[in-house]
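*Asks:* Here it is, the structure, as structure tokens.
Number of protein chains: 2
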Amino acid sequence: MKITIIGSGNIATFFASKWYEAGFSILQVYSKHLVNAKILTQKVNAVAIDNLSKINSEAEIYLIALPDDISQNIIPELNFTNKKIVTCAGSLAISEMNSNQNELASIWPIYSINKNLLPQNNIQVPLAYTCTNNNNCNWVRFLCEKISTQYFPLDDKKKCVMHLAATMANNFTNHIFTLCYELCKKYQLDFKNLLPLIENTIFKLNYQIPSALQTGPAKRKDYATMEKHKKLLDNEQYKKLYELISESIEKSSY
Amino acid sequence: MKITIIGSGNIATFFASKWYEAGFSILQVYSKHLVNAKILTQKVNAVAIDNLSKINSEAEIYLIALPDDISQNIIPELNFTNKKIVTCAGSLAISEMNSNQNELASIWPIYSINKNLLPQNNIQVPLAYTCTNNNNCNWVRFLCEKISTQYFPLDDKKKCVMHLAATMANNFTNHIFTLCYELCKKYQLDFKNLLPLIENTIFKLNYQIPSALQTGPAKRKDYATMEKHKKLLDNEQYKKLYELISESIEKSSY
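First to last, the sequence lines map onto chains A and B. If you count the first sequence from 1, position 233 lands on 233 in the working numbering, and the numbers rise without skipping. If you count the second sequence from 1, position 154 lands on 1154 in the working numbering, and the numbers rise without skipping.
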């Protein structure tokens, strides 16, 4: 399988490296900054280019791993038709892609990829794939199975739901950790003392649904403790967050 | 060291079991339900009692591990004075304890303990201790060092801050996981596909501060994606949460 990679960032590096390791040929890597393309081509034995017009039609698969707004409109700029094109933006539906007569699919890794610290082989990165032509997804599944044992189809609507869930599970919780970190810093407390607690809760999610793990003052309607907590939050934004999340926990039928 | 345990729940079982393993003698275990006391005494070779008046004065240390509101007022009911008493409520300050002339301290495990699945010896449970008499904390440190390598002093104020941080880091994030779980269930998606992403973020908290790990639509002010997300949330409570947390991320100076 011959693949050309359009992009050189975290996701581009992930797919290029994993497919290369799986035995596929990476032909070209495009980046508007040639130096970035070269960093990746050195790893996957490919040719670096910095001009879209230099992308040739020798590959069978073209992976587009660029920022969402650029990905959306790039296909008509490519100098070929009747090729297989894969996008990998989590927040972009296939139906939103400004496409032409090429065959289009999406493979979205549900993971926070860092190109300088790629997930090791023992980490299975879940891959959600979407095909425009449901009768011919075999080539997309083939691309997935070479790099993960956890891959599954998602239509555009469900992919958007999963992206929302991932945003909340990852970005929202990380923001809460940021508030905790700031609070600890202000009172000269070590945030790292919270990590065993956090790690243990995450570990238990493998075996129990989150509602079964809910504890804390809001769940037990311990208003005295909640009042003490609120007095410690002098940032109005954080106090509003505390109140709204506590209210939501109270209202949930745990 | 001879210890009597007042309580038979998660925290009582944790301390009794760990101190017993460390070579201390557990004399009595009190629970208002004798059967619960007996379950614990079988593990730690102690005498089960179900009446506070039966607590004798033979022990050197008395651990109070009861619900906060009961812990607060129980000391005057005990038939001894001049003993060392340890409470372990995270949300209760030593200064709030209705005490008498006994020597009082607090040891709070910053962890979500489950008595049926106690943390194994390779897991260091952080213990925050508070003494009423700062000149004589040695006995409290001694109790801590027998069961954890991570123990540190916290005064009442800082303990309350740490309890707030733990509530947010554990209970608030778990509530967000609950919303994600419900969303996945509604659209027949597997919540477990989010776990590698979540686990990876938590893993990175060992090496980076949370603000450095922030990503997502709110951080990059991607309003198009945020609008798509909000349309999927038909529960008004959840939509308000989405908006407030996103707003808080946007306002943060990441």
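Glycine included, each C-beta is placed from N, C-alpha and C at the ideal position. All values reported here derive from a predicted model rather than from experimental measurement.
According to DSSP, which residues form a beta bridge with A:Q28?
*Replies:* A:V47
*Asks:* Can you look up B:Y1151 in the DSSP assignment and give me helix, strand or coil?
*Replies:* Collapsing the DSSP output to three states places B:Y1151 in a strand.
*Asks:* Could you please give the first and the last residue of the uninterrupted beta strand (DSSP E) stretch that includes A:L78?
*Replies:* A:L78 -> no beta strand (DSSP E), and no H or E assigned at all.
*Asks:* Work out the CA separation of A:V161 and B:Y1187 for me, nearest whole Å.
*Replies:* 8 Å
*Asks:* Would you decide whether B:I1147 is buried or exposed? Buried here means 16 or more other CB atoms lie within 10 Å of its CB.
*Replies:* buried
*Asks:* Name, please, each residue of chain A whose Cβ falls closer than 7 Å to the Cβ of B:T1173.
*Replies:* T173, I176
*Asks:* Verify whether the separation of the beta carbon atoms of A:S95 and A:D156 is less than 8 Å.
*Replies:* yes
*Asks:* Taking CB distances under 8 Å as the criterion, tell me whether A:C184 reaches chain B.
*Replies:* yes
*Asks:* When the distance is taken between beta carbons, is B:K1002 closer than 8 Å to B:A1059?
*Replies:* Yes; because the gap between Cβ atoms is below 8 Å, this pair is in contact.
*Asks:* Return the chain-ordered list of same chain residues with a C-beta closer than 8 Å to the C-beta of B:S1057, the five sequence neighbours on each side being excluded.
*Replies:* N1079, F1080, K1083
*Asks:* Buried or exposed: which applies to B:H1033, given that a residue is buried once 16 or more other Cβ atoms fall within 10 Å of its Cβ?
*Replies:* exposed
*Asks:* Please classify A:A218: does DSSP put it in a helix, a strand, or coil?
*Replies:* coil
*Asks:* Nearest chain B C-beta to A:T130 closer than 8 Å, yes or no?
*Replies:* Cβ-Cβ to chain B under 8 Å: no for A:T130.
*Asks:* Taking 8 Å as the CB-CB limit, is B:E1236 close to chain A?
*Replies:* no
*Asks:* Tell me, please, whether the segment 1093-1109 of chain B touches the segment 1119-1132 of chain B by the rule of three or more beta-carbon pairs shorter than 8 Å.
*Replies:* yes
*Asks:* Over the uninterrupted beta strand (DSSP E) stretch that includes A:I5, give me the two end residues.
*Replies:* Counting along the chain, the beta strand (DSSP E) containing A:I5 begins and ends at 2-6.
*Asks:* Taking C-beta to C-beta, are B:I1074 and B:I1064 nearer than 8 Å?
*Replies:* yes
*Asks:* Return the CA-CA distance between A:F14 and B:P1210, expressed in angstroms with no decimal places.
*Replies:* Going by the C-alpha atoms only, they are around 23 Å apart.
*Asks:* Closer than 8 Å is the cut-off here; do at least three beta carbon pairs connect the segment 1157-1177 of chain B with the segment 189-202 of chain A?
*Replies:* yes
*Asks:* Please state the DSSP three-state secondary structure of A:K54.
*Replies:* helix
*Asks:* Under 8 Å Cβ to Cβ from A:S252, same chain only, skipping five residues before and after it: list those, please.
*Replies:* S211, Q214
*Asks:* Could you tell me which of A:L194, A:L244, A:K54, A:D222 sits nearest to B:E1236, measuring between CA atoms?
*Replies:* A:L244
*Asks:* Tell me, please, whether the CB atom of B:Y1181 is closer than 8 Å to any CB atom in chain A?
*Replies:* yes
*Asks:* Touching or not, the segment 38-53 of chain A and the segment 19-30 of chain A, by the rule of three or more beta carbon pairs under 8 Å?
*Replies:* yes
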